[in-house]
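With our numbering, letter number 73 in the sequence shown gets 81, and the count goes up by one each step, no holes. Backbone N, C-alpha and C define an ideal beta-carbon position, used for all residues, glycine too.
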Amino acid sequence: MNKEKFEEKASQQALPVMIEFKDQVFPLLFEKQTPYACLNFSKEAIELNDINPITNKKGQAFGGWTYPDIKRIEFLSVPKSFGVVIGNQGVPNNLGLKIIFKNGNVYGVECEDMNVAPLLIDFLPEHGIEVADRLLDK
């Protein structure tokens, strides 16, 4: 995958992703489908990495976004399909992220593990990114 292709797809629909934050990976196991990419929230930027199809782990970097370019990230609750809910001990939703850039670009991604949300909600404002927590919106 390359950055342009990822951005084109993510501007049209929410892409499934794996998220890495402070050496923790979310989700550890994929329930529905292999993610398109791994978003690594590092100290300097959000790095975009391929997913190694053999190991299902983070692969080669293919781009990224610097924090000063990002205006806001909205945290959304995205319903899972019924089959996935059963496999995930009753957690009915995925984490949706709507990444809004200062230049007007908007990209959507979806992670099967909601546990990363509070970590990112605390982390992102330290880098000047506005956080819109819509996880409890009906």
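### Message
Rounded to the nearest angstrom, what separates I108 and G116 at their Cα positions?
### Response
Taking the sequence shown and counting its residues from 1, one reaches residue 108 at position 100. Taking the sequence shown and counting its residues from 1, one reaches residue 116 at position 108. Roughly 9 Å between the two C-alpha positions.
### Task
Determine, using beta carbons only, whether G72 and L84 come nearer to each other than 9 Å.
Indexing the sequence shown from 1 puts residue 72 at position 64. Indexing the sequence shown from 1 puts residue 84 at position 76. No; because the gap between Cβ atoms is not below 9 Å, this pair is not in contact.
### V139 - partner residues in DSSP beta bridges
The residue given as residue 139 occupies position 131 in the sequence shown. Looking at the DSSP assignment, V139 forms a beta bridge with I81.
### Query
Quick one: what's P24 bridged to in DSSP?
Numbered from 1 along the sequence shown, position 16 holds the residue referred to as residue 24. In the DSSP output, where bridge partners are listed per residue, P24 has E118.
### Message
Suppose contacts are defined by Cβ-Cβ distances below 9 Å. Is A22 in contact with G112 by that definition?
### Response
For this step, residue 22 is matched to residue 14 along the sequence shown. For this step, residue 112 is matched to residue 104 along the sequence shown. No, they are not a contact pair.
### Query
So, is D121 buried or exposed, given that buried needs 16 or more other C-beta atoms within 10 angstroms?
Looking up residue 121 in the sequence shown gives position 113. In this structure D121 is buried. Its beta-carbon is surrounded by 16 or more other beta-carbon atoms within 10 angstroms.
### Query
In its own chain, which residues sit with a C-beta less than 7 Å from the C-beta of N101, not counting the 5 before and 5 after it?
Position 93 of the sequence shown holds residue 101. Excluding positions up to five away in sequence, the list reads S85, V86, P87, K88, M122.
### Query
Hey, would you say L127 sits closer than 9 Å to I81, going by beta carbons?
Position 119 of the sequence shown, counted from the start, is the residue given in the question as residue 127. Position 73 of the sequence shown, counted from the start, is the residue given in the question as residue 81. With a cutoff of 9 Å on beta-carbon distance, L127 and I81 are scored as not near each other.
### Query
Closest by CA to R142, which one among A69, H135, G136, I129?
Along the sequence shown, read from residue 1 onward, the residue named residue 142 stands at position 134. Looking at the Cα atoms, I129 is the closest of the given residues.
### Task
Per DSSP, which residues does K106 bridge with? Please list them.
Here the question's residue 106 lines up with position 98 in the sequence shown. The partner list for K106 (beta bridge, DSSP) reads E82, G116.
#### Entry: Alpha-carbon spacing of Q68 relative to L47, whole angstroms
Position 60 of the sequence shown, counted from the start, is the residue given in the question as residue 68. Position 39 of the sequence shown, counted from the start, is the residue given in the question as residue 47. Q68 and L47: Cα-Cα distance of roughly 12 Å.
### Task
Return the first residue and the last residue of the alpha helix (DSSP H) that F38 is part of.
Looking up residue 38 in the sequence shown gives position 30. First-last for F38: undefined, no H or E at that position.
### Query
Can you name, in chain order, every residue of its own chain whose Cβ lies under 6 Å from the Cβ of N10, other than the five neighbours on each side?
Along the sequence shown, read from residue 1 onward, the residue named residue 10 stands at position 2. Excluding residues up to 5 positions away in sequence, F70 lie with their Cβ nearer than 6 Å to the Cβ of N10 in the same chain.
### Query
Helix, strand or coil for K30 per DSSP?
One-based indexing of the sequence shown puts residue 30 at position 22. The answer is coil: DSSP assigns K30 none of H, G, I, E or B.
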